[in-house]
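Taking it in order: structure first as structure tokens, then the write-up.
In full-length UniProt numbering, the protein residues as written are 1 to 263.
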């Protein structure tokens, strides 16, 4: 099991060293913007690194929406990020599940996801696994509650798609962590990555506010149990910079009985 953190994109490998991480996740462009990522001058070094790399797509992407001014740029931007992620040797591209607006038909949102994968296939494919992440809030979200996730997977499960489980999002979104891995795998058949985060918000609050693993409102043992059951790589997206994240990584390794990587 590989454990790491979401880090600044300027020098991901240096950030990994600062945290004793063997996995890092980072953005390739402004997470709140619509600009396509630029080629990285360190692409060769990233591809050759022993650290596993994951890329997180911008937050603005919403492939489910019925608003074509957002949906069409979203699918183009996701494809651009997937191609850029492949260029640096990333093992996956994480993207949020998206939502439709109040009053819109959620079924159309699921079908819009299907169209996004069809669009990518017509353009030569993503070139890297796309991992859909569960979200914390929204009554019209495609991946907040498991009943919606099941409908989403009915629409896109035949494509090469994976799943990223965020523990904060699940808890704040109203899903009990006990037995969650089995319930998700019954739908998706897989969990490819864990975002191991505690939650500042309470259960079912809908608040996407991460906390360090030994803080927050989730029993840390429940987060560890999810990781142990999933057996997937882990990324912490917790506050406190290198020090706070290094402490969370050390905590997980200790709880899971794992040694730190050797230099």
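Glycine included, each C-beta is placed from N, C-alpha and C at the ideal position.
Q: Return the chain-ordered list of same chain residues with a C-beta closer than 7 Å to the C-beta of residue 191, the five sequence neighbours on each side being excluded.
A: 163, 165, 181, 184, 185, 230, 232
Q. Among the residues of its own chain, which have a CB less than 6 Å from the CB of residue 222, if the five just before and after it don't count?
A. 177
Q) Span of the alpha helix (DSSP H) holding residue 252? A) Per DSSP, residue 252 belongs to the alpha helix (DSSP H) from 241-256.
Q.
If the criterion is Cβ atoms closer than 7 Å, does the pair residue 123 and residue 79 meet it?
A. In contact: residue 123 and residue 79 (Cβ atoms closer than 7 Å).
Q: Give me the Cα-Cα distance between residue 87 and residue 12, rounded to the nearest whole angstrom.
A: 15 Å
Q | Same chain, Cβ closer than 6 Å to residue 56, five either side skipped, listed in chain order | A | 25, 27, 94
Q. Should the region 142-156 be regarded as contacting the region 97-110, the criterion being three or more beta carbon pairs within less than 8 Å?
A. yes
(Q) Once DSSP output is grouped into helix, strand and coil, what is the label at residue 164? (A) strand
Q) So the beta strand (DSSP E) residue 133 belongs to, where does it begin and stop? A) Per DSSP, residue 133 belongs to the beta strand (DSSP E) from 130-133.
Q | Identified DSSP bridge partners for residue 208 | A | Looking at the DSSP output, residue 208 shares a beta bridge with no other residue.
Q: With DSSP as the reference, please indicate the residues paired to residue 95 in a beta bridge.
A: 132
Q | Where residue 31 falls, given that 16 or more other Cβ within 10 Å makes a residue buried | A | exposed
Q: Mind reading off the beta-carbon distance from residue 127 to residue 208? Whole number of angstroms is fine, and I expect it under 8 Å.
A: About 29 Å separates the two Cβ atoms, so there is no contact after all.
(Q) Can you tell me whether residue 10 is buried or exposed? The criterion is at least 16 other CB atoms within 10 Å of its CB, across all chains shown. (A) exposed
Q | Close beta carbons around residue 117, own chain, < 6 Å, minus the five adjacent residues each side | A | Result list for residue 117: 156, 159, in chain order.
Q: Find out if the Cβ-Cβ distance for the pair residue 21, residue 5 is shorter than 7 Å.
A: yes
(Q) Does residue 69 pass the burial test, meaning 16 or more other C-beta atoms within 10 Å, or should it be called exposed? (A) exposed
Q.
With H, G and I counted as helix, E and B as strand and the rest as coil, what does DSSP make of residue 177?
A. coil
Q: Give me the Cα-Cα distance between residue 196 and residue 77, rounded to the nearest whole angstrom.
A: 26 Å
Q) DSSP beta-bridge partners for residue 102? A) Its beta-bridge partners do not exist; DSSP assigns none.
Q) Could you give the distance in angstroms between the alpha-carbon of residue 235 and the alpha-carbon of residue 81? A) Taking the straight line from one Cα to the other gives about 19 Å.
Q) From residue 49 to residue 260, what distance separates their C-alpha atoms? A) 17 Å
Q) At what residues does the beta strand (DSSP E) containing residue 82 begin and finish? A) Segment 68-87 is the alpha helix (DSSP H) holding residue 82; no beta strand (DSSP E) there.
**Q.** Alpha-carbon spacing of residue 18 relative to residue 240, whole angstroms
**A.** In this structure, the alpha-carbon of residue 18 lies about 13 Å from that of residue 240.
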